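Everything in the sequence shown is counted per the UniProt record's numbering, starting at 1 for the first residue and increasing by one. Just so you know, even glycine gets a beta-carbon here, dropped at the ideal spot from N, CA and C. Please read these numbers as outputs of a predicted model, since none were measured by experiment. Take a look at the structure below.
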Amino acid sequence: MKKFHDISCVRFVPRDRDKHDDYIYILPHDGCYSFVGRAGGRQPVSLEASCIQSGTIIHELMHVIGFFHEQS
């Protein structure tokens, strides 16, 4: 996330249960994926071991904030 913060004005902050109902939840599930945009509540971001590369992580975080693939 530091690299994402370094190259954008978007900031991800640690979840405070008293303040944040919507949050991303990064889990080591099968594949590399996220919903596009704010899903509401707990939003899963799957990053299996092969996804742990800065470009892939940034790609999935871009989906979280609403970016589709360019060809979509």
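DSSP, read as helix, strand or coil, puts Val64 in helix. Annotation: Ile7 is outside any beta strand (DSSP E); the continuous alpha helix (DSSP H) that includes it extends over Lys2 to Ile7. One Cα belongs to His20, the other to Ile26, and the distance between them is close to 16 Å. Sequence-distant Cβ neighbours of Pro28 in its own chain, meaning closer than 8 Å and more than five residues away, are Ser46, Leu47, Glu48 and Ala49. Between the region 35–44 and the region 9–20, the count of Cβ pairs shorter than 8 Å is below three; the stretches do not touch. By the C-beta density criterion, Val64 is buried, having at least 16 other C-beta atoms within 10 angstroms. Counting the other CB atoms within 10 Å of its CB gives Ser8 a total below 16, which places it among the exposed residues.
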